């Protein structure tokens, strides 16, 4: 019972606290950031509690559909009555928040990254920090809302609402020269994605209604309906065609958000125009919204059409993105842009895993979303620390040797870079290997392209270390260059992220055991769908009647 | 008891690594070596205890740890496998690493980053022991990458030096290229095993456990003969990358940028043998891909002779040893190639492991001696600047001499026996009907390499320690012999370099020990080495040493005298690493970088431009509808509303 209350606590309280902080901001009072940081620390604890609750609640409820939140928060007041009818039924939509393991993982990621961002903001953000803290908390609450939404309506509302604080964060604290243009581009791209997305969502809702069944927006019900029709109508081209337009609209919407090639060009500008401290949150969490949408909506609701029309195409695009992003990152001269392309490359593994449409793939994609969030947040925060000390570095033939000047920063940078390069024993390896194993059961060719990413990914990452961290004694002629290494607040921000990287790498079953039930549930419809349309695919799941 | 001992071997260095890491953050304490040395000693003692006590009727024991991953069709446990193959390598790894750690206590003393050195050093031993004991191919891969990373961190130990940072990156990337193939091989193997009857039930059992792989390899071969060939080939790519074989040998000479103890341990005795171990471990699967094995043997042969040629012309003492390492590892792969011949698997693996064992001792000894020279010469390692050091370094002279004699293959030093085991193995294999021709060729290369090895080894030794005494100015006025703490571990290694061959080879001890490994063929009668091989190789070694002595005399007496055009040309060719590095730079690295640059331009102008252009389209449409519009947001809202309405109507009518 109490665990249900965690959900509104995680969603609405940060928004509330954030708004209050924004209102009282500007009083030059130092305690505001203390409140913000300690509050976000509490949110981390709440997120851990949620994950534990989800883990212990597994198997308690009989599954209705492919999505079955272990913890549900849907009081009767969260009901929406609209004055029109669909298929003769009056519209009476119950809205719902809830958490399954996928949500809980992303909530944990969001809370950890927010905590880290607020911690480092204490030294990174010098102007209007109170307002900044408030905005970050609002963003956190909205992001939690996206991850905990269990119906299409709330999902869409939160999904769009998050743009407002992000645009403000980009513009107020971003690079004054770039941020206006970049935020305009970001907004245009995202809006271009929202329109098809809402169209797709409306389509799904309309299709859910039949003569003897009222329409619904609840994801568990919708996924049950989708699975049922997959069983009755069979996995056929005919069935797939009826979902084609919906899926196309959704794929366009989520494709832009997940920066699927070639719809990715908003990503480098957005990541490089924002303050690195903000980019940490954008890259770690906002950059995951597209793939999360794919996992939450597209995979369970339209698996048949997905396997017919998109599985191979998008899978190939994911593999190409891995190589493409890594190659471009190789020759970037700006650390922020380099990391943006690196994100593009790493997120390719997530796409690959999802498009495998089997258990290894989905587990790998989910773990990899989480991993990439941890690593990319840490690296962007450290880019902020580097810029604070030495300004924006131009990577070329110059060697900066920062590890000699700032050994602690150097240690963490090496750690997170190696984690990002997929070093076994650290987290990325787990996600990558699972995604690759999943994809191999679909297409060896796609995997053949994707594994090249492991070489190229190490190449650009080590190039950064070689020129930025090593190769010189770290002395500089700049008079204003700060000499102090990173302090306790920076350590407090990065250490939890590093710790989780190790935990996932050393014992991934800590998290995969929690995910197992949800992954198996999804696979029940996905694997047969993929198998029926691509008979050569090796799949192990059996359809349960 | 068995479990305790088995887990203590990797866990002790891990603890040492963690303690030293903490110490590294606290500033470099002078006693920071203690945790590492103690941990490695514990590890070595436990290993020796296991070797002494381990006996299992099935030949292998599995020690369970915890479930690493259990999802979908995949379940992977972290567990250790003990059998005689792994214990052989394990005893080399732990004993040599413990000795080298003791040596490093003095060698690295006072260095900034003293604790960091020992932290990564123990970390390496942890990864290496886990690699050797892994019960699962994916776990092996994980620590395979782990040792690579430790090697990266240690090559780049002097990270302020641009050359060291660059060499570290090169080593890591070349290894990654190989590992990329290895990983693909593992993935394909896990896929293929899932299709067999043994593996199909393996949603519970790890598909990639060695026992499962060995049990299903016959069926795999029957079902997918071609795929098994590909998997074997990809595993070979992984092996030659880690073991620095042609064409992926380029990282090893550069790896000498690391501290000398690291070169001794990682880049001579242990990590580079991981590729050999992988092939030996996977022998029950590899045997189904004889063509791949013959290719592997030829790659080993090319490496062994090419590296010997390159070693001949290096000025840098450590690089001579580095090329020599690549060359000796080539022998091991030639031996492993004989797995292709029916019924020779056990003997082939034994020969490879035997030479690996002896090589670890004498090569570590040679590197540590080179470290003494380097210390005395004020970090100068270029042989053009010193010679005749026998008076300055009398003890090192003897120790280096023992190592050199072993490397040159002089009887009764260790490598004489182990190398001859390989050569006679090749001579036996040349009687095979299918691949006999190949092995005859390989045997000739083997003898030729032995000859070259004797030449460059004796040339290096006599040049460095005999002849006119020359020291570089960096050495100062009174260059001194190494301390006792440095010499003590070297003496132990020297004893190994003298006795290991005689004790293990002719007694047949190692053969019977290795044969106990599950998956190996049963032995067919006693194995005897051909007399003519022993005699020939002794002659070859003696003549080679004589020529090397003459060359050394010539080069110290008058370095200008020997330079005629032909020798200079070959010398340049050898010194420039046969231009292989330049070819890679020109054909792979630079084009990739250009392509990357072009792709960056393409992304920023073409892709972005096109998407922006599409973004403008609503604007053009908007121009037409200008007077209906008040602002952007409302226009989007209107478009949205119209779109939804239209679609809703369309879907409702479906």
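Protein chains in written order, with the numbering used here: chain H, 28 to 572; chain B, 547 to 1200.
Each residue gets a CB set at the ideal place from its N, CA and C atoms; glycine is no exception.
Only a predicted model underlies this, so the values are computations on that prediction, with no experimental measurement involved.
Practice prompt. Over the uninterrupted beta strand (DSSP E) stretch that includes residue 492(B), give me the two end residues.
Written response: Only positions 547 to 1200 of chain B appear in the structure, and residue 492(B) is not among them; the question remains open.
Worksheet entry | Min CB distance residue 614(B) to chain H below 8 angstroms | The residue labelled residue 614(B) in the question sits at position 68 within the second chain. Residue 614(B) counts as touching chain H.
Worksheet entry | Those residues which DSSP pairs with residue 722(B) across a bridge | Residue mapping note: residue 722(B) aligns to position 176 of the second chain, counting from 1. Per DSSP, none; premise fails for residue 722(B).
Fill in: Any non-hydrogen atom of the ligand GTP within 7 angstroms of residue 140(H) CB
Absence of the ligand GTP from the depicted structure is noted, as is the absence of any ligand whatsoever, leaving it without description.
Fill in: Chain-order list of residues whose beta-carbon lies under 7 angstroms from that of residue 486(H) (same chain, five-residue window excluded)
Residue 486(H) sits at position 459 when you count from the first residue of the first chain. Excluding positions up to five away in sequence, the list reads 357.
Worksheet item: What residue range is occupied by the uninterrupted alpha helix (DSSP H) comprising residue 1055(B)?
Response: On the second chain, residue 1055(B) is found 509 positions in, with the first residue counted as 1. Start and end: 1055-1061.
Fill in: Residues near residue 601(H) in its chain [Cβ-Cβ closer than 8 angstroms; skip 5 each side]
The shown model of chain H, from 28 to 572, leaves out residue 601(H), and the question about it has no answer.
Worksheet entry | Straight-line gap, residue 1108(B) to residue 1096(B) (C-alpha atoms, nearest Å) | Counting from one through the second chain, the residue named residue 1108(B) turns up at place 562. Counting from one through the second chain, the residue named residue 1096(B) turns up at place 550. In this prediction, residue 1108(B) has a pLDDT of 46, which is less than 50 and means its spatial position is unreliable; what the coordinates show is noted afterwards. Between the alpha carbons of residue 1108(B) and residue 1096(B) lies a distance of about 11 angstroms.
Worksheet item: So, does the CB of residue 1141(B) fall closer than 8 angstroms to a CB anywhere in chain D?
Response: Although the question refers to chain D, the structure presented lacks it and instead comprises the protein chains H and B.
Practice prompt. Could you pull out every unbroken alpha helix (DSSP H) segment of at least 4 residues lying fully inside the stretch 383-444 of chain H, listed in chain order?
Written response: Those alpha helix (DSSP H) runs which fall completely within the stretch 383-444 of chain H and span 4+ residues are 386-417, 429-432.
Practice prompt. Just the C-alpha distance for residue 515(H) and residue 436(H), rounded to the nearest angstrom, thanks.
Written response: Position 488 of the first chain, counting from 1, holds the residue named residue 515(H). Position 409 of the first chain, counting from 1, holds the residue named residue 436(H). Distance between the alpha carbons of residue 515(H) and residue 436(H) is about 12 angstroms.
Discussion item. For residue 285(H), which residues in the same chain have their Cβ closer than 6 angstroms to its Cβ, ignoring the five residues on either side in sequence?
Written reply: As a working note, residue 285(H) is residue 258 in the first chain. Answer for residue 285(H): 317, 318, listed in chain order.
Worksheet item: How do the stretch 924-933 of chain B and the stretch 1046-1062 of chain B stand: do at least 3 beta-carbon pairs fall below 8 angstroms, yes or no?
Response: These segments do not touch.
Worksheet item: Applying the criterion that 16 or more other CB atoms from any shown protein chain within 10 Å of the CB defines a buried residue, is residue 1077(B) buried or exposed?
Response: Numbered from 1 along the second chain, position 531 holds the residue referred to as residue 1077(B). Exposed, since its Cβ has fewer than 16 Cβ neighbours within 10 Å.
Item to complete: Mind checking which residues open and close the alpha helix (DSSP H) that includes residue 454(H)?
Response: Taking the first chain and counting its residues from 1, one reaches residue 454(H) at position 427. According to the DSSP assignment, residue 454(H) belongs to the alpha helix (DSSP H) that extends over 454-467.
Discussion item. For a cutoff of 8 angstroms on Cβ pairs, would you count residue 1052(B) as touching chain H?
Written reply: Taking the second chain and counting its residues from 1, one reaches residue 1052(B) at position 506. Chain H, which has no Cβ nearer than 8 angstroms to the Cβ of residue 1052(B), makes this no.
Worksheet item: Secondary structure at residue 511(H), three-state DSSP: helix, strand or coil?
Response: Sequence index remark: in the first chain, residue 511(H) carries index 484 (1-based). Residue 511(H): coil per DSSP, three-state reduction.
Worksheet item: Where DSSP assigns a beta bridge to residue 624(B), which residues make up the other side?
Response: Stepping through the second chain from its first residue, residue 624(B) is reached at position 78. 612(B).
Worksheet entry | Where residue 695(B) meets chain H, residues with beta-carbon distance less than 7 angstroms | On the second chain, residue 695(B) is found 149 positions in, with the first residue counted as 1. The answer, in chain order, is 445, 450.
Discussion item. Let's see if you can read the secondary structure: which residues bound the beta strand (DSSP E) around residue 815(B)?
Written reply: If you number the second chain from 1, residue 815(B) lands on position 269. Taken as a continuous stretch (DSSP letters only), residue 815(B) belongs to no beta strand (DSSP E), as it is neither H nor E.
Worksheet item: Going by beta carbon distance, what residues of the same chain come within less than 6 angstroms of residue 241(H), once the five residues before and after it are set aside?
Response: What you label residue 241(H) is simply residue 214 of the first chain in a count that begins at 1. Result list for residue 241(H): 116, in chain order.
Discussion item. Using a Cβ distance threshold of 8 angstroms, determine whether the stretch 445-465 of chain H contacts the stretch 179-194 of chain H, with at least three qualifying pairs required.
Written reply: Judged by Cβ distances under 8 angstroms, the stretch 445-465 of chain H makes no contact with the stretch 179-194 of chain H, as fewer than three pairs qualify.
Worksheet entry | Same chain only: Cβ atoms within 8 angstroms of residue 1173(B), ignoring 5 sequence neighbours per side | Here residue 1173(B) is taken as the residue at index 627 of the second chain, counted from 1. Confidence in residue 1173(B) is poor, its pLDDT being 48 and thus under 50, which makes the residue's placement too unreliable to answer from.
Practice prompt. For residue 1201(B), return the contacting residues in chain H, with the cut-off set at a CB-CB distance below 7 angstroms.
Written response: With chain B running from 547 to 1200 in the structure shown, residue 1201(B) is simply not present.
Discussion item. So, with DSSP's three-state summary, where would you put residue 805(B)?
Written reply: For this step, residue 805(B) is matched to residue 259 along the second chain. Reduced to three states, the DSSP call for residue 805(B) is coil.
Discussion item. Taking contact to mean 3 or more Cβ pairs, one atom from each stretch, closer than 8 angstroms, check whether the stretch 789-802 of chain B and the stretch 652-662 of chain B are in contact.
Written reply: Not touching, per the Cβ criterion.
Discussion item. Counting only Cβ-Cβ distances shorter than 7 angstroms, please list the residues of the stretch 94-126 of chain H near chain B, keeping chain order.
Written reply: Contacts with chain B (Cβ-Cβ distance below 7 angstroms) from the stretch 94-126 of chain H involve no residue at all.
Discussion item. Below 7 angstroms on C-beta distance, what does residue 372(H) contact in chain B?
Written reply: Along the first chain, one-based indexing puts residue 372(H) at 345. Below the 7 angstroms Cβ cutoff, chain B contributes no neighbours of residue 372(H), its closest Cβ being approximately 12 angstroms away.
Worksheet item: In this structure, does DSSP put residue 792(B) in helix, strand or coil?
Response: Counted from its first residue, the second chain places residue 792(B) at position 246. Reduced to three states, the DSSP call for residue 792(B) is coil.
Item to complete: Check whether the Cβ of residue 78(H) lies closer than 8 angstroms to any Cβ atom in chain B.
Response: On the first chain, residue 78(H) is found 51 positions in, with the first residue counted as 1. No, residue 78(H) does not count as interfacial toward chain B.
Fill in: Nearest-angstrom Cα separation, counted from residue 997(B) out to residue 1105(B)
On the second chain, position 559 is the one that residue 1105(B) refers to. On the second chain, position 451 is the one that residue 997(B) refers to. Its pLDDT being 49, under 50, residue 1105(B) is placed unreliably by the model, and nothing is read from it.
Worksheet entry | residue 159(H) to residue 196(H) span [Cα, whole Å] | Counting from 1 along the first chain, the entry for residue 159(H) is found at position 132. Counting from 1 along the first chain, the entry for residue 196(H) is found at position 169. For the pair residue 159(H) and residue 196(H), the Cα-to-Cα distance works out to about 7 angstroms.
Worksheet item: By Cβ distance below 6 angstroms, which residues in the same chain neighbour residue 44(H) in space, the five residues on each side in sequence not counted?
Response: Looking up residue 44(H) in the first chain gives position 17. So the list reads 66, 164, once near-sequence residues are dropped.
Discussion item. So, under 8 angstroms CB-CB, residue 327(H) and residue 93(H) are touching, yes? Tell me the CB distance rounded to an integer number of Å.
Written reply: Here residue 327(H) is taken as the residue at index 300 of the first chain, counted from 1. Here residue 93(H) is taken as the residue at index 66 of the first chain, counted from 1. For residue 327(H) against residue 93(H), the beta-carbon gap comes to about 4 angstroms, under 8 angstroms, which counts as contact.
Fill in: Proximity winner among 499(H), 385(H), 484(H), relative to residue 719(B) (alpha-carbon distances)
In the second chain, the residue the question calls residue 719(B) occupies position 173. In terms of CA proximity to residue 719(B), 484(H) leads the group 499(H), 385(H), 484(H).
Worksheet entry | Contact belief for residue 100(H) with residue 124(H) at Cβ below 8 angstroms, rounded distance in angstroms | In the first chain, the residue the question calls residue 100(H) occupies position 73. In the first chain, the residue the question calls residue 124(H) occupies position 97. Contact holds; Cβ gap of about 4 angstroms.
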